[in-house]
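Structure first, then comments.
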Amino acid sequence: MPAKTMESLVNLCKRRGFIFQGSDIYGGLQGVYDYGPLGVELKNNLKAAWWRAMVYERDDIEGLDAAILTHKSVLKHSGHEATFSDPMVDCRKCKSRWRADQIKDGKCEKCGSSDLTEPRPFNLMFKTNVGPVTDGDHFAYLRPETAQGIFCNFKNVLDSTSPKIPFGIAQIGKSFRNEITPKNFIFRVREFEQMELEFFVQPGTDDEWHSKWVAARVNWWKAQGLESDNLQQYAQKKEELAHYAKATVDILYRFPHGMEELEGVSDRTDFDLGSHSKDPQELGLKAKVEENKDSVVKLTAPDPVTQKPLVPYVIEPSAGVDRGVLAVLTEAYTEEKLENGTERIVLKLKPHLSPIKVAVIPLARNKPEIVAKAKEIKDALLKLGIGRIYYESSGNIGKSYRRHDEVGTPLCVTVDFDTIGKGETPDQAGTVTIRDRDTMKQVRVHADKLAEHIAGFFRDAR
8 MPAKTMESLV NLCKRRGFIF QGSDIYGGLQ GVYDYGPLGV ELKNNLKAAW WRAMVYERDD
68 IEGLDAAILT HKSVLKHSGH EATFSDPMVD CRKCKSRWRA DQIKDGKCEK CGSSDLTEPR
128 PFNLMFKTNV GPVTDGDHFA YLRPETAQGI FCNFKNVLDS TSPKIPFGIA QIGKSFRNEI
188 TPKNFIFRVR EFEQMELEFF VQPGTDDEWH SKWVAARVNW WKAQGLESDN LQQYAQKKEE
248 LAHYAKATVD ILYRFPHGME ELEGVSDRTD FDLGSHSKDP QELGLKAKVE ENKDSVVKLT
308 APDPVTQKPL VPYVIEPSAG VDRGVLAVLT EAYTEEKLEN GTERIVLKLK PHLSPIKVAV
368 IPLARNKPEI VAKAKEIKDA LLKLGIGRIY YESSGNIGKS YRRHDEVGTP LCVTVDFDTI
428 GKGETPDQAG TVTIRDRDTM KQVRVHADKL AEHIAGFFRD AR
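Right, dumping it as structure tokens:
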């Protein structure tokens, strides 16, 4: 069963070096988290899996890495300055602040008082000064989403790579939102990463492409280890849609705190490219956009049939990396009772996501020959390019196995006296023990065949 409580995940993440509270030695910064030695590996592996699926495995998507600092005109014409806000209320008794739409039974979550102010909009964007002048006009925003960087670079990508509609631009990067009440560990935070695709299609084909991308994204999350029973799709009602959206389907996951959004797939129509275009009224847009006197270009692409300038519609699958990490940790977290009456915690992560792919363990760390052989094996496995190979020198084989169960290492390789030809079983000379994380079964493999065996395991696990 997946993790039932957030507390169990938080404890594991801190104990084993996945995730720490930001600025922890100064009491922490609310809504900000740091990824530790194992957390950064898991996070990078999840991002790499997304990038491989979106960019490497397709011929119709290009990658991008746009800047975080964003010109104020970009977020003015995207609608963020006017609409990117949450309703906020104050508790008159304890002076705490809350999102009005998350208040239960009209009472303050901190003190229980019903004496709350009327809701008022609170813009979530972070401002920062640009340059030495601080007169109020020289400012930019930390981007609240990665999407606008893609739209602003639409013409640059089009001119430099000459794609044909339909095509997409993918990006992974940091975004910032000044959340009123960040909570539920890394689910709702102020600094986070997004994995976003903007897929440009011919108007009239957007409904079909929207359905295709919803199905593709659900299947991808299943490939990351999330069970179907813990995934749901929710089509937003008209009154719930963002100002740019014709339709949005939220992919929900059963987190420890409840069923919540993991990823959204939206049909943004021609709103964004139209909003950032010079003289948008001349483009025959379906979406209602404001006049833009700041832009210097018209963001169009050749119609695939007529070759006339066309403003494409956009399908946007947008997922939070941090929420993805939390989801795969939740799904993988397992508490097992063993036949000998003991218990173990094991992270049954998909092998391609595991922070450590293989742990190499010398049975006796005070024996130079065994240590040297273990390090030789580690170096040989590194050449496979499958990810991090960890030399484990704790000295206690049982504790080493339990530690690597907890951090999700799929395979442990033990180097012993038989490996160096000094064991009591001559027929096993030159062999190592491979232990499987999930089954705990062990097999002996000749060291010369080990790399081939490991490579086959990870190839078959995909």
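Count along the sequence shown from 1, then add 7; that gives the number in the working numbering. For glycine and all other residues, C-beta sits at the position ideal for the given N, C-alpha and C.
For leucine 370 and proline 44, the rounded distance between their alpha carbons
When rounded, the separation of the alpha-carbon atoms in proline 44 and leucine 370 is 24 Å.
Please return the same chain residues whose Cβ sits closer than 8 Å to the Cβ of serine 121, not counting the five positions on each side in sequence.
Excluding its 5 nearest sequence neighbours in each direction, serine 121 has C-beta neighbours in its own chain below 8 Å: Gly113, Lys114 and Cys115, listed in chain order.
Could you pull the start and end residues of the beta strand (DSSP E) that isoleucine 68 belongs to?
For isoleucine 68, the enclosing beta strand (DSSP E) has its first and last residue at 68-71.
Below 8 Å, how does it come out for the segment 173-186 and the segment 195-211: are there three or more Cβ pairs, yes or no?
Yes: at least three Cβ pairs fall under 8 Å.
Given a cut-off of 7 Å on the beta-carbon distance, is the pair proline 324 and valine 256 in contact?
Taking 7 Å as the cut-off, the Cβ atoms of proline 324 and valine 256 do not count as close.
Can you have a look at asparagine 52 and say buried or exposed, based on whether 16 or more other CB atoms are within 10 angstroms of its CB?
Asparagine 52 comes out buried.
As an exercise, report each continuous alpha helix (DSSP H) stretch of at least 4 residues that is fully enclosed by the segment 52-121, in chain order.
Those alpha helix (DSSP H) runs which fall completely within the segment 52-121 and span 4+ residues are 79-84 and 87-90.
Under 8 Å by Cβ, that's how I've got valine 439 and threonine 416 pegged, so tell me the actual separation to the nearest angstrom.
Contact annotation, valine 439 with threonine 416: C-beta distance approximately 15 Å; criterion of less than 8 Å not satisfied.
Taking the C-alpha atoms as reference points, what is the distance between valine 96 and arginine 184?
Cα to Cα, valine 96 sits roughly 18 Å from arginine 184.
Where does arginine 444 land, buried or exposed, given buried means 16+ other C-beta within 10 angstroms?
Buried, because 16 or more other Cβ atoms sit within 10 Å of the Cβ of arginine 444.
Buried versus exposed, by CB contacts within 10 Å (16 or more), leucine 354
With 16 or more other Cβ atoms within 10 Å, it is buried.
With 16 other CB atoms within 10 Å as the buried threshold, where does alanine 381 fall?
With 16 or more other Cβ atoms within 10 Å, it is buried.
Check for me: the alpha helix (DSSP H) holding aspartate 466 runs from which residue to which?
Looking at the sequence provided, one finds arginine at residue 466 rather than aspartate. Going by DSSP, arginine 466 is part of the alpha helix (DSSP H) stretching over 454-468.
For methionine 447, does the three-state DSSP call read helix, strand or coil?
Residue state, collapsed to three classes: coil.
Please report the residue range of the beta strand (DSSP E) in which asparagine 226 lies.
Taken as a continuous stretch (DSSP letters only), asparagine 226 belongs to no beta strand (DSSP E), being part of the alpha helix (DSSP H) at 213-230.
For glutamine 28, tell me which candidate among Lys190, Leu71 and Leu317 has the shortest Cα-Cα distance.
Per the Cα distances, Lys190.
Identify every residue that forms a DSSP beta bridge with glutamate 198.
Looking at the DSSP assignment, glutamate 198 forms a beta bridge with Phe183.
Which ranges would you report for the beta strand (DSSP E) in the segment 339-392 if only whole runs of at least 3 residues count?
Taken in chain order, the complete beta strand (DSSP E) segments of 3 residues or longer contained in the segment 339-392 are 340-344, 350-354 and 365-369.
With tyrosine 408 as the anchor, note down where its alpha helix (DSSP H) starts and where it stops.
404-414 is the extent of the alpha helix (DSSP H) around tyrosine 408.
Candidates Asp425, Leu233, Ala308 and Phe174, of which the one nearest glutamate 338 by Cα:
Nearest to glutamate 338 by alpha-carbon distance, out of Asp425, Leu233, Ala308 and Phe174, is Leu233.
How about histidine 84 and serine 284: do their beta carbons lie closer than 7 Å?
Contact flag unset, no.
For proline 9, which of Asp423, Glu125, Pro263 and Val164 has the nearest alpha-carbon?
Closest option to proline 9, judged by alpha-carbon separation, among Asp423, Glu125, Pro263 and Val164: Pro263.
Run the CB neighbour count on isoleucine 32, radius 10 Å, all protein chains shown included, and call it buried at 16 or more, exposed below.
Within 10 angstroms of the beta-carbon of isoleucine 32 lie fewer than 16 other beta-carbons, which makes it exposed.
Under 7 Å between the Cβ atoms of leucine 317 and lysine 162?
Contact flag unset, no.
Could you check whether the segment 128-138 touches the segment 85-93, counting it as contact only if at least three pairs of C-beta atoms, one from each stretch, sit closer than 8 Å?
The segment 128-138 makes contact with the segment 85-93; the number of CB pairs closer than 8 Å reaches 3 or more.
On the DSSP letters alone, give me the boundaries of the alpha helix (DSSP H) that serine 15 sits inside.
Serine 15 -> alpha helix (DSSP H) spans 13-22.
State the Cα-Cα distance for the pair aspartate 274 and isoleucine 322, rounded to the nearest angstrom.
One alpha carbon belongs to aspartate 274, the other to isoleucine 322, and they sit about 5 Å apart.
Where do the ends of the alpha helix (DSSP H) carrying lysine 162 lie?
That run of the alpha helix (DSSP H) goes 161-168.
Between which two residues does the alpha helix (DSSP H) harbouring phenylalanine 278 extend?
Taken as a continuous stretch (DSSP letters only), the alpha helix (DSSP H) holding phenylalanine 278 covers 278-282.
For aspartate 274: DSSP bridge partner residues
In DSSP, aspartate 274 forms a bridge with Ala254 and Ile322.
Could you tell me the distance, in whole angstroms, from the CA atom of histidine 145 to the CA atom of threonine 77?
Annotation: histidine 145 to threonine 77 spans about 12 Å, alpha carbon to alpha carbon.
Exposure label - aspartate 66; buried when at least 16 CB within 10 Å
Aspartate 66 comes out exposed.
Which partner residues of lysine 285 appear in the DSSP bridge assignment?
DSSP lists no partner for lysine 285.
Grouping DSSP H, G and I as helix and E and B as strand, with all else coil, what is alanine 308?
Taken through DSSP and simplified to helix, strand or coil, alanine 308 comes out as strand.
My assumption, with CB atoms under 8 Å, is that tyrosine 241 sits in contact with leucine 259. Please give the rounded CB distance.
In this structure tyrosine 241 touches leucine 259 by the C-beta definition: roughly 6 Å separates them, less than 8 Å.
Leaving out the 5 sequence neighbours to the left and right, which residues in its chain are closer than 6 Å to glutamine 243 when beta-carbon positions are compared?
Answer for glutamine 243: Thr255, listed in chain order.
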